[in-house]
Every structure is written in C-alpha cells, then in structure tokens.
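**Student:** Mind having a look at this structure? Questions to follow.
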C-alpha cells in the first residue's frame with residue numbers, strides 16, 4: 002500500500018466554515034498537517050484559525066493544494082468532489098456520511114476516469130505513522 006499523505010501534502014478543506022470542517026481543520030493543524038486553504042461559498046476573504054477561506058476551489062488553487070478534505074452536507078458532496086477533481090486536486094477525502102449511493106458511484110467513476118484517488122465517503126481518515134496525521138482526528 003502506498004503512502005497517500007506525507008510532509009508534502011497540502012490540504013484544502015471544502016466546507017471549512019461548518020462545524021465539522023473547522024473542527025477537523027484545526028485538529029489537522031495541531032497534528033502538523035499543512036492545511037493551506039478552505040472553501041465556503043460566500044465566505045471568501047475570511048479565515049478559520051489562520052487558514053484563508055475562498056469562495057471556490059479554483060480561487061483556492063493560489064495556495065497550491067494537492068489534496069482536499071470534503072466536509073459538506075451529503076446533497077452537496079458530488080458537486081464538491083467534481084469541483085475538486087476538475088480543478089486538478091489528486092487526492093479526495095470525503096468525511097461526510099449518508100452520501101447517496103448513486104452520487105458515490107459517480108464520484109468513483111469520475112475519479113477513475115481522471116486518475117484521482119478517493120477515500121470515503123464516511124471515512125475514518127488517513128495517517129502516515131511517524132510522518133503526520135491528516136484528515137479526521139475526532
């Protein structure tokens with residue numbers, strides 16, 4: 002099994018201004034993960050624990066993320082994942098639970114087509130022992 006997260010992983014948190022998104026972004030920072038940006042439509046220009054918030058993934062690309070942590074409501078996960086993949090993000094981690102099965106299949110199909118990696122939905126997180134801990138630290 003390959004290592005998916007390491008010291009070069011630059012994380013974008015989609016849904017960073019929500020309860021779970023902000024909590025996990027702060028926890029990832031505490032464990033040494035490089036959380037470089039967050040997104041929340043209409044809240045661009047703000048910050049969460051020193052992390053810049055952008056309106057869209059495209060806007061957040063200025064921070065050069067190479068992985069995303071999706072923490073949005075289940076009906077919006079498909080759109081969030083597509084936005085990340087079409088923006089060039091290679092590693093997609095989906096925290097959200099209760100994502101519709103058809104949406105999950107669409108996400109996996111698109112990821113396979115575009116050569117992206119997906120963890121989740123409703124995943125427990127990802128760690129690279131000794132290197133760093135990323136994703137869900139709850």
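In the working numbering, the protein residues as written are 2 to 139.
Backbone N, C-alpha and C define an ideal beta-carbon position, used for all residues, glycine too.
(1) For residue 104, which option in 14, 93, 79 and 48 has the closest C-alpha, if you only look at C-alpha atoms?
(2) Measuring CB to CB, does residue 74 end up less than 8 Å from residue 93?
(3) Taking the alpha carbon of residue 120 as the reference point, which residue from 91, 26 and 32 has its own alpha carbon closest?
(4) Hey, residue 13 and residue 33 are a contact pair by Cβ (cut 8 Å); roughly how many whole angstroms apart?
(5) In or out: residue 89 buried (at least 16 other Cβ within 10 Å) or exposed?
(6) Less than 8 Å between the CB atoms is what I'm expecting for residue 54 and residue 47, so what's the real figure, rounded?
(7) Closer than 8 Å by C-beta to residue 18: which residues in its own chain qualify, once you throw out the five before and the five after it? Chain order, please.
(8) Going by beta carbon distance, what residues of the same chain come within less than 6 Å of residue 61, once the five residues before and after it are set aside?
(9) Identify which residue in 58, 59 and 69 has its Cα closest to the Cα of residue 6.
**Tutor:** In short, the structure shows the following:
(1) Taking the chain shown and counting its residues from 1, one reaches residue 104 at position 103. Nearest of 14, 93, 79 and 48 to residue 104, Cα basis: 79.
(2) Taking the chain shown and counting its residues from 1, one reaches residue 74 at position 73. Taking the chain shown and counting its residues from 1, one reaches residue 93 at position 92. No. Outside cutoff.
(3) By 1-based counting over the chain shown, the position of residue 120 is 119. It is 91 whose Cα lies nearest to the Cα of residue 120.
(4) Here the question's residue 13 lines up with position 12 in the chain shown. Here the question's residue 33 lines up with position 32 in the chain shown. Residue 13 to residue 33, Cβ: 17 Å. No contact.
(5) For the purposes of this step, residue 89 is identified with residue 88 of the chain shown, where counting begins at 1. Its Cβ having fewer than 16 others within 10 Å, residue 89 is exposed.
(6) If you number the chain shown from 1, residue 54 lands on position 53. If you number the chain shown from 1, residue 47 lands on position 46. Right, their Cβ atoms sit about 5 Å apart.
(7) Working through the chain shown from its first residue, we reach residue 18 at position 17. Answer for residue 18: 39, 41, 44, 47, 49 and 54, listed in chain order.
(8) Taking the chain shown and counting its residues from 1, the one referred to as residue 61 is at position 60. The residues are 13, 38, 40 and 55.
(9) Locating residue 6 in the chain shown gives position 5, where the first residue counts as 1. Looking at the Cα atoms, 69 is the closest of the given residues.
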